[in-house]
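Under the numbering used here, think of the first position of the sequence shown as 8, with each following residue one higher. Where a beta carbon is used, it is the ideal one built from N, C-alpha and C, also for glycine.
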Amino acid sequence: ASDGFGMRRSARSTSKAFGAGANWSRAETCLHGSAGDECYTLTPFRDTHWRPGLYLGFASFLNTTVGGTFHVRNELVSSGDFGASWTRLAPQQAFIPFGSAAKAFDSHGVYASHPVTDPDNADCLRLYYRGSNGPHVRLRAASSVRCRLLTGAAAGQW
Numbered sequence: 008a009s010d011g012f013g014m015r016r017s018a019r020s021t022s023k024a025f026g027a028g029a030n031w032s033r034a035e036t037c038l039h040g041s042a043g044d045e046c047y048t049l050t051p052f053r054d055t056h057w058r059p060g061l062y063l064g065f066a067s068f069l070n071t072t073v074g075g076t077f078h079v080r081n082e083l084v085s086s087g088d089f090g091a092s093w094t095r096l097a098p099q100q101a102f103i104p105f106g107s108a109a110k111a112f113d114s115h116g117v118y119a120s121h122p123v124t125d126p127d128n129a130d131c132l133r134l135y136y137r138g139s140n141g142p143h144v145r146l147r148a149a150s151s152v153r154c155r156l157l158t159g160a161a162a163g164q165w
C-alpha cells in the first residue's frame, strides 16, 4: 500500500470467513517505514517454540534516499496483537547482513521467507532467502540461499 506520497507501508484486513460471503475489515496500516526507508514487504510467521501469542516476521525496507543505494534490507519485527501492529526490533539493522564484496550475490538486496523447522535437527530453523547483487531499480542477478538459525541461541548469536 502507498500513503499517496510514494511511501510504502504494510496493511492488514481481517475476516472470520473466507470465500463467498466473506466480510473483510477495512485495511489498516500495521507497519511503515520512514522517508527514504520504505517498508517494502512483510513476511509474518508464528513460532510457538518461543512464546504462544508472539508473532515474528521479516520486513524488507527499501532505501530510497536521494543518492541512495536502493539496497533492500531485512529486519526482524514482532507483534503481540495478532499482526495488528508490528515493532521493528532493531531498526535499520539487517537480520541477514549484506554480502561483504561489492558484487556478492547478496550485496544489495535480501528478502527472507518465514523459517521452517529443520527436519534433521529440531533445535535449528531453516531460513530461505533471496539475495541480489545490484540496486533494486536496476538489472541485477538474484540467488536463492538457505541458512540455519539455532533456536536456543541468545539474540545476536544466530
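{"Query": "In whole angstroms, what is the alpha-carbon distance linking residue 19 and residue 120?", "Result": "18 Å"}
{"Query": "If you drop the 5 nearest sequence neighbours on each side, which residues of the same chain put their C-beta closer than 8 Å to that of residue 152?", "Result": "112, 113, 135, 136, 137, 138"}
{"Query": "So what does residue 18 bridge to, in DSSP terms?", "Result": "36"}
{"Query": "Suppose you measure from the CA of residue 142 to the CA of residue 78; what does that come to, to the nearest Å?", "Result": "6 Å"}
{"Query": "Over the uninterrupted beta strand (DSSP E) stretch that includes residue 156, give me the two end residues.", "Result": "149-157"}
{"Query": "Determine whether the beta carbon atoms of residue 85 and residue 63 lie at a separation below 7 Å.", "Result": "yes"}
{"Query": "Pull the bridge partners of residue 106 from the DSSP assignment, please.", "Result": "Partner(s): none; residue 106 has no beta bridge."}
{"Query": "Under the three-state reduction of DSSP, which class applies to residue 51: helix, strand or coil?", "Result": "strand"}
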